[in-house]
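S.K.: There's a structure below that I have some questions on.
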Amino acid sequence: MDKKLFVALIILCVTIVAAIAIYMVSISVKSQEWLCGYKDNVFVVIYKNIRPHEQVFKGIQSFIAYIIQSNASDALKLELSLCVVDFEQIPSNLKNQLDDYTIYPVFVVYSSKLDPQKARILDVIFNRDGYTYFPKQDVLTYIYLYLSSRYGYTYLDAKDIYPNVVTTKKPVVDYNETPIIGSINAKYYLFIYEDVYCSFCAKMYRETIPKLWNLIENNTIAIVLKNMITHEEALDVHKNIVSLYLENKDGLQIFEIMSDIYDMVAQNSIPSLEDVKDLIFRRVGRLPDLDRYGESAEKIINFETIEAYNLTIFGTPGIVVWNNEEEVGIVIVGFRSYEAVLKALELIS
1 MDKKLFVALI ILCVTIVAAI AIYMVSISVK SQEWLCGYKD NVFVVIYKNI
51 RPHEQVFKGI QSFIAYIIQS NASDALKLEL SLCVVDFEQI PSNLKNQLDD
101 YTIYPVFVVY SSKLDPQKAR ILDVIFNRDG YTYFPKQDVL TYIYLYLSSR
151 YGYTYLDAKD IYPNVVTTKK PVVDYNETPI IGSINAKYYL FIYEDVYCSF
201 CAKMYRETIP KLWNLIENNT IAIVLKNMIT HEEALDVHKN IVSLYLENKD
251 GLQIFEIMSD IYDMVAQNSI PSLEDVKDLI FRRVGRLPDL DRYGESAEKI
301 INFETIEAYN LTIFGTPGIV VWNNEEEVGI VIVGFRSYEA VLKALELIS
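Position 70 (the sequence shown) corresponds to 70 in the UniProt record's numbering; numbering is contiguous.
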């Protein structure tokens with residue numbers, strides 16, 4: 001073989017091998033980008049639209065590590081590094097795994113040292129893809145509910161709003177069952193999960209909603225009323241109100257009745273069922289037909305209460321600010337001012 005040709009072939013082979021090596025290294029580095037440069041034992045917080053509150057997730061990271069360690073059959077020391085990434089940065093296989101998740105942030109644990117055979121709790125909390133452990137959706141919701149209700153945690157970094165989570169699933173709206181105040185074609189929906197004996201719901205009706213009225217009238221926002229029973233004695237009152245809506249399909253009428261009730265609550269005069277029936281009769285001239293609508297009303301109330309919990313709402317008022325164009329919303333628990341609602345609208349615009 002010609003010596004020059006031989007040398008050229010050697011150079012070509014070396015070049016190809018070097019190119020392959022560089023490519024493999026770049027692929028390896030790229031595959032680790034979503035781990036913030038860490039190689040192993042990473043607690044990854046994946047968010048959409050709004051960054052998570054990192055200090056809160058440091059606490060959750062310690063909480064999860066403790067649960068795993070305390071349930072391991074042998075000595076396991078799990079030290080995790082915190083990493084925060086946008087959903088768009090994660091690998092496509094993980095995107096597919098999280099495709100049906102409807103609340104964010106979602107945390108995952110990436111670790112090669114975990115063994116489900118030695119820590120059975122892993123299979124209870126997580127689904128698994130290789131070394132990536134991501135929480136089952138119902139477990140994620142329960143953890144957020146538990147920490148919010150017990151410690152007051154909120155999970156998004158949004159000053160003055162303190163939202164719990166981002167949701168990518170619009171709460172159910174059936175125009176035959178759900179009172180809407182404003183245009184059904186409004187850009188934003190303000191869902192309010194309420195209980196008639198909720199003093200902060202009364203505050204919302206008296207202080208926040210009146211200031212939103214211009215936005216309701218120009219079709220920017222519509223208010224959607226939902227039920228969430230936090231006082232057992234409120235159930236029969238809600239059954240009457242929901243039955244009235246099923247009968248009349250008049251959302252503004254329901255809003256006015258709720259406003260009347262909350263005026264009483266705000267004055268520390270808790271209305272009884274009979275008080276509410278009298279109020280309905282004065283406004284409508286008759287009582288709703290519970291024989292016809294009562295059972296359906298109770299099903300709606302139960303469904304919406306469960307729907308609220310699945311959104312990490314643990315108390316009233318529960319609020320979902322939803323952008324109908326972007327199909328994204330943020331979940332808030334508790335009273336918020338008019339100014340806070342406007343800031344929430346900006347966050348999802």
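Even for Gly, the Cβ is constructed at its ideal location relative to N, Cα and C.
DSSP puts Val139 in a beta bridge; with which residues?
M.R.: BP columns for Val139 are empty, so no partner.
S.K.: Buried or exposed, going by whether 16 or more other CB atoms sit within 10 Å of the CB of Asp160?
M.R.: Classification of Asp160: exposed, given that the 10 Å Cβ count is below 16.
S.K.: Starting from Leu94, trace the alpha helix (DSSP H) both ways and give me its first and last residue.
M.R.: Note, Leu94: alpha helix (DSSP H), Ser92 to Gln97.
S.K.: Quick one: Cα of Leu98 to Cα of Phe314, how far?
M.R.: One C-alpha to the other measures close to 24 Å.
S.K.: Since Val84 sits in a beta bridge, which residues does DSSP pair it with?
M.R.: Answer is Val45, bridged to Val84.
S.K.: Can you list, in chain order, the residues of its chain whose CB lies under 6 Å from that of Lys169, leaving out five sequence neighbours each side?
M.R.: Cβ neighbours of Lys169 beyond the five flanking positions: Thr102.
S.K.: Is there contact here, the segment 143-152 with the segment 276-287, by at least three beta-carbon pairs under 8 Å?
M.R.: Contact fails: fewer than three Cβ-Cβ distances are below 8 Å.
S.K.: Would you give the residue range spanned by the beta strand (DSSP E) that Asn127 belongs to?
M.R.: Looking at the DSSP string, the run of the beta strand (DSSP E) that includes Asn127 is Phe126 to Asp129.
S.K.: Any Cβ of chain B within less than 7 Å of the Cβ of Gly334?
M.R.: In summary, chain B is missing from the structure at hand, where a single protein chain is found.
S.K.: To the nearest angstrom, how far is it from the Cα of Glu233 to the Cα of Ile46?
M.R.: Distance between the alpha carbons of Glu233 and Ile46 is about 40 Å.
S.K.: Just checking, does the segment 280-299 make contact with the segment 119-137 on the three C-beta pairs under 8 Å criterion?
M.R.: Too few Cβ pairs lie closer than 8 Å, so no.
S.K.: So, is Gln61 buried or exposed, given that buried needs 16 or more other C-beta atoms within 10 angstroms?
M.R.: When all chains shown are included, Gln61 counts as buried.
S.K.: Mind checking which residues open and close the beta strand (DSSP E) that includes Glu194?
M.R.: First-last of the beta strand (DSSP E) with Glu194: Tyr188 to Glu194.
S.K.: Nearest-angstrom Cα distance between Tyr205 and Arg286?
M.R.: Near 25 Å, if we compare the C-alpha coordinates of Arg286 and Tyr205.
S.K.: What's the call for Val139, buried or exposed, on a 16-neighbour Cβ count within 10 Å?
M.R.: It is exposed - the Cβ of Val139 has fewer than 16 other Cβ atoms within 10 Å.
S.K.: So what does DSSP say about Val173, is it helix, strand or coil?
M.R.: The answer is coil: DSSP assigns Val173 none of H, G, I, E or B.
S.K.: When the Cα atoms are used, what is the spatial distance from Leu347 to Glu274?
M.R.: Their Cα atoms are separated by approximately 43 Å.
S.K.: Does DSSP classify Lys277 as helix, strand or coil?
M.R.: Reduced to three states, the DSSP call for Lys277 is helix.
S.K.: Looking at Cys198 and Thr305, is the spacing between their C-beta atoms short of 7 Å?
M.R.: For Thr305 and Cys198, no; Cβs fall outside 7 Å.
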